[in-house]
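Everything below concerns the one structure shown next.
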Ligand SMILES: NC(=O)c1ccc[n+]([C@@H]2O[C@H](COP(=O)([O-])OP(=O)(O)OC[C@H]3O[C@@H](n4cnc5c(N)ncnc54)[C@H](OP(=O)(O)O)[C@@H]3O)[C@@H](O)[C@H]2O)c1
């Protein structure tokens, strides 16, 4: 057996995440017991939400903070090497919530599910557009946004993994879709390659001014991945009966510990405009993953959905990949290929 390699969280970032907040560790390959299996990872999914669980107190009531000096928790995808569980055999492909390790033990609490042996799309799609990322976009759009033809929809972090799928799903449902991103090249690609009708570069134009210009009568849907000031601004530009999909809050995950993030200043307007604001976690919908995956596969097949990936290679590149994603260097899903 080769040596195992892990990337551990060496210290709490306390603000902007840095590559040297992590450390590489070598150790023996784990030995499994009854009810466990040994897996070898092939892909790590870089998920912005996991940044929140690197903080001392995650404060979101969902998961506790990651432990220091332990491998970094991550959604992963790989192959079973040895199994002492009745539900998996060696050679099965899986996805689960494990850690940045080459080899891991996987037990019943690691949310491991089996992938089919013959995949219709490249393996990496199942860590992104056909995995948790695509499901998140699909449930947010179908269960909360509920687009109707002609709706005006705005998506924040639109060039990111969830946002780029959400925008395309809204477009396929007949909405006029405006994407927010912090990079001119990504804005250009959203329109040219991913069917967005317009974009806003929040680093170059004041968001309020841009929303007033592009949605003079307000928006029907705001699919929010960013939270903070972005959400507050967007809430000033809603139409009556608008739906706000509270998907994530990436602008707030790196705020310094203990400093509260400013909240919306206009919630009474949500009352008078009869707006729906709804948060959700895609993991609540496990029983409906096949339905969501079938719909996403259909979109990829009929061409209404296109995939985008930003891939770094080698386990050592995981910290860099995660920092790159938070800094907006990615277009679509950020992955590390082992
Ligand atoms: N509810 C759920 O079940 C669920 C599941 C998965 C993910 N999520 C949420 O979905 C969101 C997107 O996650 P992801 O994994 O797909 O990441 P991602 O969108 O691929 O990457 C994050 C993007 O956010 C943008 N960004 C970073 N800091 C920002 C800031 N301060 N202000 C504005 N934009 C900023 C960057 O793009 P630009 O530079 O172009 O802005 C960056 O590319 C996150 O909030 C995550 O927590 C929710």
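Residue numbers (my numbering): 1463 to 1800. For every residue, glycine included, the Cβ atom is placed at its ideal position computed from N, Cα and C. Keep in mind it's a predicted model, so treat the numbers as computed, not measured.
Check: residue i C-beta below 6 Å from any heavy atom of ligand 1
i	result
residue 1536	no
residue 1509	yes
residue 1598	yes
residue 1744	yes
residue 1713	yes
residue 1755	no
residue 1709	yes
residue 1792	yes
residue 1695	no
residue 1586	no
residue 1516	no
residue 1780	no
residue 1627	no
residue 1622	yes
residue 1424	What is shown of the chain runs 1463 to 1800, which leaves residue 1424 out entirely.
Beta-carbon proximity list for residue i, same chain, < 8 Å, skipping 5 on both sides
i	result
residue 1573	1558, 1559 and 1745
residue 1701	1614, 1679, 1680, 1681, 1682 and 1735
residue 1694	1724, 1725, 1726, 1727 and 1728
residue 1603	1609, 1628, 1631, 1632, 1635, 1685 and 1707
residue 1561	1468, 1532, 1533, 1534, 1535, 1536 and 1538
Length of the line joining the Cα atoms of residue i and residue j
i	j	result
residue 1734	residue 1671	23 Å
residue 1501	residue 1571	14 Å
residue 1470	residue 1534	5 Å
residue 1689	residue 1512	15 Å
residue 1605	residue 1726	23 Å
residue 1766	residue 1651	16 Å
residue 1584	residue 1742	28 Å
residue 1540	residue 1777	13 Å
residue 1566	residue 1668	46 Å
residue 1732	residue 1493	55 Å
residue 1653	residue 1661	7 Å
residue 1623	residue 1595	6 Å
residue 1621	residue 1482	27 Å
residue 1705	residue 1619	17 Å
residue 1505	residue 1465	18 Å
residue 1763	residue 1730	44 Å
residue 1789	residue 1588	24 Å
residue 1780	residue 1751	27 Å
Which of helix, strand or coil DSSP assigns to residue i
i	result
residue 1604	helix
residue 1556	strand
residue 1663	strand
residue 1804	Lying before the first or after the last residue shown, residue 1804 is absent from the chain, which here runs from 1463 to 1800.
residue 1544	strand
residue 1799	strand
residue 1579	coil
residue 1801	Nothing can be reported for residue 1801, as the shown portion of the chain is limited to 1463 through 1800.
residue 1482	helix
residue 1712	helix
residue 1698	coil
residue 1493	coil
residue 1733	helix
residue 1591	coil
residue 1740	strand
residue 1756	helix
residue 1517	coil
residue 1705	strand
residue 1767	coil
residue 1685	strand
residue 1653	helix
Residues near residue i by beta carbon distance below 6 Å, same chain, minus five either side
i	result
residue 1638	1614 and 1659
residue 1485	1470 and 1472
residue 1499	1542, 1545, 1547, 1550 and 1568
residue 1783	1508, 1774, 1796 and 1798
residue 1478	1716
residue 1697	1726 and 1728
residue 1611	1636
Close beta carbons around residue i, own chain, < 7 Å, minus the five adjacent residues each side
i	result
residue 1600	1631, 1754, 1757 and 1758
residue 1525	1515
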